[in-house]
Every structure is written in C-alpha cells, then in structure tokens.
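**Student:**
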Amino acid sequence: MQLAEKNMITALILAGGKGRRMGGRDKGLLPFGERRLVDHIVAAVRPQVAAVMINANRNQSEYASAGCPVVEDPVGGFQGPLAGFLAGLEALRTPFLVTLPC
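Counted from 1, the sequence shown has number 1052 at position 100 by my numbering; the numbering is strictly sequential.
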C-alpha cells in the first residue's frame, strides 16, 4: 500500500460544536498556554498537509484569524461531527481528508 503524500491531504479541524461541556464557550478559541487551542492544532498539522480548513458554526471570523478557510455545516441545528465531515468533504480540493477534533 502506498502512503498519500502531504500534497494530497487536507486537514479539517472540527470546531463546530456548541461547547456544552465548556459552559457554552467555544473550545477552540479558549487559551491554552500562550495561544488559543485552535492555533496549537493548526501549527501542529500545517507542516504535514497541503491545506488546513476549520469547521465552525459560530465565531467564524475569529477562527479565520488562524489563517485557514472556515466552513460551516451545510445543515443547521448543530448536527454533530458528521455534519462537519460533510462540510469538509464539500470544500475538499485534495483526494484525502484527515479530521482533527478541537
């Protein structure tokens, strides 16, 4: 089996939830050390893939400040991670998608 090369892979950071376990706060935008959680994830994955996208259903402009395109779920009502996967697949420009939670 041949491994995919990084220019064939897009990373999708799933940050689209309601943040119920965080008191309604947007987890990806919370500080973790010196940076926001989403910034740590972008920095870790960016060297390994061709592109990085963020799936977010609120605070899109704040997520866009991480330097990645932001895609919303194509269905309303915070339907869960599968709706985020669908958003990423619809915006995908490479043959492969890797998803990461935030």
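By construction, the Cβ of each residue, glycine as well, lies at the ideal position given by its N, Cα and C atoms. Note that this is a predicted model, so its numbers are computed, not measured.
Measuring only from the beta carbon, is aspartate 978 closer than 7 Å to any heavy atom that is part of the ligand FMN?
**Tutor:** Although the ligand FMN was asked about, the structure shown includes no ligands whatsoever.
**Student:** In the structure shown, what three-state DSSP assignment does proline 1033 receive?
**Tutor:** In the structure shown, proline 1033 sits in a helix (DSSP, three-state: H, G or I).
**Student:** How would you write the range of the beta strand (DSSP E) that leucine 1049 sits in, first residue to last?
**Tutor:** Taken as a continuous stretch (DSSP letters only), the beta strand (DSSP E) holding leucine 1049 covers 1048–1053.
**Student:** Out of curiosity, what's the CA-to-CA distance linking proline 1053 and glutamate 1042?
**Tutor:** Their Cα atoms are separated by approximately 18 Å.
**Student:** Determine which residues share a DSSP beta bridge with leucine 1038 and list them.
**Tutor:** Note: leucine 1038 sits in no beta bridge, so no partner.
**Student:** I'd like to confirm the pairing. Which residues does DSSP put opposite asparagine 959 in its beta bridges?
**Tutor:** Paired residues: none, contrary to the question.
**Student:** Give me the Cα-Cα distance between aspartate 991 and proline 1021, rounded to the nearest whole angstrom.
**Tutor:** Each residue's Cα considered, the two are about 13 Å apart.
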